[in-house]
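Trainee: With the sequence shown counted from 1, adding 122 to any position gets you our numbering. A virtual CB, placed ideally from N, CA and C, is assigned to each residue, including glycine.
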Amino acid sequence: MKAGQAWHLGSIGDMQILPGPRHRPSLKRPIWIIFLVSIVSLFLVCAYIYPPRGSAPCYVFSSRGCNVLSDWLPPAPARAYTDEEIASRVVIREILKTSPTKSKNSKIAFMFLSPGSLPFEKLWDKFFNGHEGKFSVYVHASKERPVHVSRYFLNRDIRSDEIVWGKISMIDAERRLLANALKDPDNQHFVLLSDSCVPLHTFEYVYNSLMYANISFIDCFQDPGPHGNGRYSDHMLPEVQKKDFRKGAQWFSMIRQHAVIVVADSLYYSKFRDYCKPGLEGKNCIPDEHYLPTFFHMLDPVGIANWSVTHVDWSERKWHPKLYKAPDITLELLKNITSIDESKHVTSDDKREEQVQACLWNGIKRPCYLFARKFHPGALDKLLKLFSNYTTL
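1) I'd like to check one pair, S430 with A501: are the Cβ atoms closer than 8 Å?
2) Give me whichever residues DSSP pairs with W483 in a beta bridge.
3) Specify the secondary structure class of K305 as computed by DSSP and reduced to three states.
4) Where in the segment 396-480 do unbroken runs of the beta strand (DSSP E), each at least 3 residues long, occur, reported from the N-terminal end onward?
5) Across the segment 361-378 and the segment 289-309, are there enough close Cβ pairs to call them in contact, namely three or more that are closer than 8 Å?
6) Of the choices W441, L332, F250 and H498, whose alpha-carbon is the least far from that of P449?
7) Exposed or buried, what is E403 when buried is set at 16 or more other beta-carbons lying within 10 Å of its beta-carbon?
8) Hey, could you find the ends of the beta strand (DSSP E) V362 is sitting in?
9) Under 6 Å Cβ to Cβ from S210, same chain only, skipping five residues before and after it: list those, please.
10) Three or more C-beta pairs closer than 8 Å, one from the segment 432-443 and one from the segment 323-330: is that the case here?
11) From which residue to which residue does the alpha helix (DSSP H) around H380 run?
12) So, are the CB atoms of T220 and P307 less than 8 Å apart?
13) With distance defined between alpha-carbon atoms, name the residue in R297, F250 and I285 nearest to Y274.
14) CA-CA distance, E411 and F343?
15) Report the start-end ranges of each alpha helix (DSSP H) in the segment 258-311 that is 4 residues or longer and not cut off at the edges.
16) Helix, strand or coil: how does DSSP classify K369 here?
17) State the Cα-Cα distance for the pair R495 and R215, rounded to the nearest angstrom.
18) Provide the residue(s) that pair with V320 in DSSP beta bridges, ordered along the chain.
19) How would you write the range of the beta strand (DSSP E) that A231 sits in, first residue to last?
20) Expressed to the nearest angstrom, what Euclidean distance is found between the alpha-carbon atoms of H442 and D317?
21) Under DSSP, the beta strand (DSSP E) around F339 begins and ends at which residues?
22) Can you give me the start and stop residues for the alpha helix (DSSP H) that D247 sits inside?
23) Going by other Cβ atoms of all chains shown within 10 Å of its Cβ, with 16 needed for buried, is W287 buried or exposed?
24) To the nearest angstrom, how far is it from the Cα of Y413 to the Cα of R281?
25) How is the alpha helix (DSSP H) around E207 delimited, first residue to last?
26) To the nearest angstrom, how far is the alpha carbon of H419 from that of K226?
27) Using a Cβ-Cβ cut-off of 6 Å (strictly less than) and excluding sequence neighbours within five positions of T204, which residues of its own chain qualify?
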């Protein structure tokens, strides 16, 4: 079709009255506006593709911080749980929803991990004396049958297996202690102690502190360094993801519902049994430092305090904590330990970041620790002499 014919909408007469071609005036476009819009668009595109890594430039994007860019994106789809995860999480949820067992005679289960005899049994005898009926004692002796010197420890040994440091056998021993202690329905709190642990307060103080707390004291923090997340293995996927991997000391005090889910767990336990061990993939994953912190962070993070009630001194930065020997034992030392009211963790990366958390007991800041380790057997006599003094500080 010719250009002239394109306008033929009616008769020839109609075409005669069409106006002639019009001359449009040239527009002077505001070049500076176009340039400004282009710059802003380029800035936003770069910010989206290359989001800021540090906190310094965050104010440019939003007073709320750098997360504003992520607000533009749709939320990441929730991961579909495996059949085993669904079953485990349903069971754990139902256990946690169950009200604590009512007991007219609530007790604390003191569970001792030891290679043999307990060097501080006389000190614990002094601690327990006069409080019969408010505690239970369980001893897991992994190498030799212990010789007991206190009546509170007689016939309290459970069936025990060998423990190898850094292996899953440590977790097995903890679960074995918990299972035996759970047989007594009066046990409401479960405290894990070593043969080198000593009490820092009177029995009444410890009993009231734990019985009036409705949470478990599980040490738990995130360590991005080689001795934290650096120990994680992708073989733990999909059930255990790296973002949930946590670290903490093994010495805990937990409420009864938490003790039940630890004993009942098989799924998450198996992940740490198979893929958290020294030497695997050139890493030194220690199960007792990661299993419980990760387990509770994933399944009941609001139910734990994220700090332990047992004091341990890692200031020497060695594989094992500081060992207090007889010359170290003074009233001043014990007073300093019992006055600490903040929990501190230090990351293992180059930053050596110190994470500080106030020790809150039912919302009130108080000293953190009820027990302490690691004490040399030779310190027993000095501790016995000082016991009545330092436990009343």
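Mentor: Straight from the coordinates:
1) Going by C-beta atoms, A501 is not nearer than 8 Å to S430.
2) I486
3) coil
4) 426-428, 464-468 and 476-480
5) yes
6) H498
7) exposed
8) Counting along the chain, V362 falls outside any beta strand (DSSP E), and DSSP gives it neither H nor E.
9) L389
10) Under the 8 Å Cβ criterion, the segment 432-443 does not count as touching the segment 323-330, having fewer than three qualifying pairs.
11) R378 to A386 is the extent of the alpha helix (DSSP H) around H380.
12) For T220 and P307, no; Cβs fall outside 8 Å.
13) Answer by Cα proximity: F250.
14) 11 Å
15) 291-304
16) DSSP places K369 in strand when its eight states are reduced to three.
17) If you draw a straight line from the Cα of R495 to the Cα of R215, it is about 34 Å long.
18) A494
19) For A231, the enclosing beta strand (DSSP E) stretches over residues K229 to S236.
20) 15 Å
21) S338 to D341
22) E243 to F250
23) Around the beta carbon of W287, fewer than 16 other beta carbons lie within 10 angstroms, which makes this residue exposed.
24) A direct Cα-to-Cα measurement between Y413 and R281 gives close to 23 Å.
25) D205 to K219
26) 32 Å
27) none
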